[in-house]
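Novice: In case it helps, the numbering used here puts the sequence shown at residues 34 to 496. Below is a structure I'd like to ask you about.
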Amino acid sequence: MGSVQSANQANTGDDYSLDRVPRDKRNMGWLSITNITFGIATAIFYFQMGSVMALQFGAVNAIISAIYAIIVAGILGTFIAYLSAKSGMNVNLLSRGGGFGYIGASLTSFIYATNFIMYCALEGMILVAAVHEFFPAIPEWVLIIIFGTAVIPLNWFGIKQLDKLQKWSLPLFFVFLVAAIVMAAMTPSVYEGSFWSYMPEGVQVGGTALLLCIGMQHGIMGLTPLLASDYARFLKPKDMKIGIFAIGFIPQIFCFGVMGGLGIWFGVRLGEPNPGVYIVMLLGIWGALFTMLTQIRINITNIYSGSLSLSTFFENVFKFVPGRRFWVVITGVSAMILMLGGIVNHLELVMTFQGVFLMTWAAILVADAVIVKKMLKIGPRYYEARQDNLFKWNPVGVASLLIASSLGTIAAVGLMGEFLQSTAAFFAAILAALLTVGLAIATKGKYYIKQDAKDIETEDYIA
Ligand SMILES: Nc1nc2[nH]cnc2c(=O)[nH]1
C-alpha cells in the first residue's frame with residue numbers, strides 16, 4: 034500500500050484517493066470546506082424539485098418534505114463528516130474497515146462512481162438545454178462536448194482548485210440568485226393567494242401527497258451526506274466541532290431548504306415547474322449564464338467524487354493505479370457518452386435503486402460506527418483501509434446492504450404497495466442499520482480486521 038499511496042500522491046499532489054489524509058495534511062478550515070460543498074447545494078436541480086413538488090402536491094406538502102430531508106440528511110451528514118474528519122477517510126475508504134471488507138467496499142465505490150457519472154450527465158444536459166435555447170444553431174452534441182470537456186481541467190489540481198473555483202463563483206451565484214428573486218417578485222403571480230396556501234385541486238395536506246413528496250426527496254437525499262466525506266477528511270482537527278455541523282448540516286439546509294424553498298415559490302408564483310424555462314424567462318441571456326454557473330459548480334464536484342471512487346475501485350480490485358487525473362478524464366468522458374447516447378432520460382429505474390442504495394449505505398456506516406464500534410465495542414476502534422490488514426469481504430455491511438437495498442428497491446418501484454413505495458429508502462435504511470448490528474454480533478466482528486494495525490494515531494480512533 035505504501036508504494037500505491039506514494040505513486041498516487043506523486044501523480045496528483047493532494048489527492049489521498051487511496052488512503053487516509055495524514056493528520057498534518059488536514060489543514061483546511063471549516064469555512065473553505067463548507068464552501069466547496071455549496072457547489073452541490075447551489076444546483077438548480079433543487080429549484081426543480083421544489084417547483085415540481087409544489088405544483089403537483091401543494092406548497093405545504095413540499096415544505097414539510099423539505100424539512101424532513103434537512104433533518105434526516107443533516108443527521109446522517111453530520112455523523113459522516115465526523116467519521117471522515119476523525120479518520121481522514123472518505124466513505125469509499127471508511128467502508129473498507131467500516132463493515133464491508135476491501136472487496137466489499139469496492140462494490141459500494143463502483144455503484145457510487147456510476148451515480149456521479151449519471152448525475153454529471155444529468156446536470157450537463159440541463160446546461161446544454163439552457164444554452165441550446167439561446168443558440169439553437171449550435172448542435173447539442175457540440176455543446177455536450179464543449180461543456181463535458183470544460184469540467185475536466187477544472188478538476189486537475191484536486192481539492193485546492195475546487196476550493197478556489199467554488200469560492201470565486203459563489204458571490205456571482207448570489208448576484209444571479211438575488212436578481213432572479215427580484216425579477217420573480219416583480220412578475221405578477223399566476224396564483225392569486227399566498228404561496229403557502231397553494232394546493233392543486235383534490236390534494237390535501239399530508240396523506241398520499243406528502244408521502245409522494247417524501248419519496249421524491251428520498252431519491253436524492255442519500256448522496257449529499259455521503260459526499261461531504263470527500264472534503265471533511267481535510268478538516269483541521271481544531272475545527273472539528275463546528276466543522277462537522279457546518280459540513281454535514283448546513284449544505285442540507287441550503288439545498289433542500291433555501292434552494293428547494295425558492296423552487297416552491299418560483300413554481301407557484303410563475304406556474305411553471307421547469308427552472309430551465311423560468312430562469313431564462315426571468316433573466317433572459319443572464320439566466321443561461323446563471324444556469325451555466327450552477328451546473329459547472331455542481332459538475333466539478335460530481336467529477337471530483339466520481340474520480341475518487343473510480344480510483345479506489347480500480348486500485349482495490351485490479352491494482353490499477355494510474356492516478357486520480359486519469360479517472361477525472363474517464364468520469365468526464367463517460368458522462369459525455371451518456372449525454373451523447375441520449376441515455377439520460379432512461380435512467381429512472383437505476384436512479385430509484387441509487388436513491389435507496391445511498392441512504393442504506395449511509396445508515397450502515399453510521400450504525401457500524403455508533404452502535405457496533407462505539408457502543409458494543411465490536412471490531413477495531415479505528416478505520417483501516419490497507420488491504421494487507423483487511424479481509425476481502427465482511428458480511429456485516431455487504432449482506433446488510435444487499436438485503437436492505439434489494440428489498441428497498443422492490444418497494445420503491447411500487448411492488449409492495451403505495452405506502453412503502455414512497456418510504457422505501459427510509460425503511461431500507463432502518464433495516465440495514467438493524468442488520469448491521471445483528472450481523473456484527475452474530476459474527477463477533479471476526480471479519481473486520483485480519484491483523485491489527487499498530488501505526489494508527491490514537492487521535493484517529495473513533496471509539
Ligand atoms: N452530488 C450530487 N447530488 C445531486 N442531487 C441532485 N443532483 C445532484 C448532483 O448532480 N450531484
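In this text, a Cβ means the ideal position worked out from N, Cα and C, and glycines have one as well. Every value quoted in this text rests on a predicted model; they were computed, and no experiment measured them.
May I have a chain-ordered list of the beta strand (DSSP E) segments no shorter than 3 residues that lie completely inside the region 54 to 81?
Specialist: Within the region 54 to 81, no complete beta strand (DSSP E) run reaches 3 residues.
Novice: DSSP three-state label for L440, please.
Specialist: Reduced to three states, the DSSP call for L440 is helix.
Novice: Does the Cβ-Cβ distance between L472 and V429 come in under 9 Å?
Specialist: In contact: L472 and V429 (Cβ atoms closer than 9 Å).
Novice: Sorry if obvious, but does the Cβ on E451 come closer than 8 Å to a heavy atom of ligand 1?
Specialist: No, ligand 1 has no heavy atom inside 8 Å of this Cβ.
Novice: Determine the extent of the alpha helix (DSSP H) in which F359 is found, giving its start and end residues.
Specialist: Where F359 is concerned, the enclosing alpha helix (DSSP H) stretches over 357 to 373.
Novice: For a test of the three-state rule: what should DSSP assign to S36, helix, strand or coil?
Specialist: Per-residue confidence for S36 stands at a pLDDT of 39, beneath the threshold of 50, marking its modelled position as unreliable; no derived number is given.
Novice: Any C-beta of chain C sitting closer than 9 Å to the C-beta of K269?
Specialist: Annotation note: the requested chain C is absent from the structure, which comprises a single protein chain.
Novice: Between the C-alpha atoms of V37 and G365, what's the straight-line distance to the nearest angstrom?
Specialist: At V37 the pLDDT is 41, less than 50, meaning the model places this residue with poor confidence; the figure from the coordinates comes in the next sentence. Roughly 24 Å separates the two Cα atoms.
Novice: Helix, strand or coil for T45 per DSSP?
Specialist: With a pLDDT of 46 at T45, under the threshold of 50, the predicted position of this residue should be treated as unreliable, and no value is reported.
Novice: Looking at C-alpha atoms only, which residue of G374, K269, K271, G255 is the closest neighbour of Q285?
Specialist: It is G255.
Novice: Please tell me whether, using a cut-off of 8 Å, the distance from the CB of A465 to the nearest non-hydrogen atom of ligand 1 is below it.
Specialist: It does not: the Cβ of A465 is nowhere closer than 8 Å to a heavy atom of ligand 1.
Novice: Contact between the region 194 to 207 and the region 168 to 177 is defined here as three or more beta-carbon pairs at a separation below 8 Å; is this criterion met?
Specialist: The answer is no - the region 168 to 177 does not touch the region 194 to 207, with fewer than three Cβ pairs under 8 Å.
Novice: Here's a check: name, in chain order, each residue in its chain whose Cβ is nearer than 6 Å to the Cβ of G300, leaving out the five neighbours to either side.
Specialist: S84, A87, L88, P306, listed in sequence order.
Novice: Could you tell me the distance, in whole angstroms, from the CA atom of Y481 to the CA atom of F282?
Specialist: So the two alpha carbons sit approximately 29 Å from each other.
Novice: Determine contact between the region 64 to 82 and the region 328 to 339, defined as no fewer than three beta-carbon pairs at a distance below 8 Å.
Specialist: A contact exists between the region 64 to 82 and the region 328 to 339.
Novice: Check whether the region 268 to 278 touches the region 62 to 70, taking contact to mean three or more Cβ pairs, one atom from each stretch, closer than 8 Å.
Specialist: Yes, the region 268 to 278 touches the region 62 to 70.
Novice: Tell me whether S142, by its Cβ, gets closer than 8 Å to a heavy atom of ligand 1.
Specialist: Checking every heavy atom of ligand 1 against the Cβ of S142, none is found closer than 8 Å.
Novice: Going straight from the alpha carbon of G132 to that of I474, what length do you get?
Specialist: Spanning the two alpha carbons is a distance of roughly 12 Å.
Novice: For A43, collect the residues of the same chain with a Cβ closer than 7 Å to its Cβ; drop the 5 residues on either side in sequence, then sort them by chain order.
Specialist: Only weak support is given to the placement of A43: the predicted model assigns it a pLDDT of 40, under 50, and the value that follows is read from those uncertain coordinates. Contacts found: none.
Novice: If you reduce the DSSP assignment to three classes, tell me which class L268 lands in.
Specialist: Strand.
Novice: Would you mind sorting T27 into buried or exposed? The rule is 16 or more other CB atoms within 10 Å of its CB.
Specialist: Past the boundaries of the shown model lies residue 27; the chain is included only from 34 to 496, so the question cannot be answered.
Novice: Among the candidates A92, I108, N123, F90, whose CA atom is the shortest distance from the CA of T345?
Specialist: Of the candidates A92, I108, N123, F90, the one whose C-alpha sits nearest the C-alpha of T345 is N123.
Novice: If we count the other Cβ atoms within 10 Å of its Cβ and call it buried at 16 or more, is G478 buried or exposed?
Specialist: That one is buried.
Novice: If we ignore side chains and look at the alpha-carbon of each, how far apart do F359 and N94 end up?
Specialist: The straight-line gap from Cα to Cα measures roughly 44 Å.
Novice: Which residue wins for smallest C-alpha separation from I411, given the options W319, T469, F78?
Specialist: Checking every option, the nearest Cα to that of I411 belongs to T469.
Novice: Look at G252 and G107 and say whether their C-beta atoms are less than 9 Å apart.
Specialist: Result no, Cβ atoms of G252 and G107 do not sit closer than 9 Å.
Novice: Helix, strand or coil, according to DSSP, for K410 in the structure here?
Specialist: Three-state DSSP puts K410 in coil, outside helix and strand.
Novice: Rounded to a whole number of angstroms, what is the C-alpha to C-alpha distance between E348 and A213?
Specialist: Cα to Cα, E348 sits roughly 45 Å from A213.
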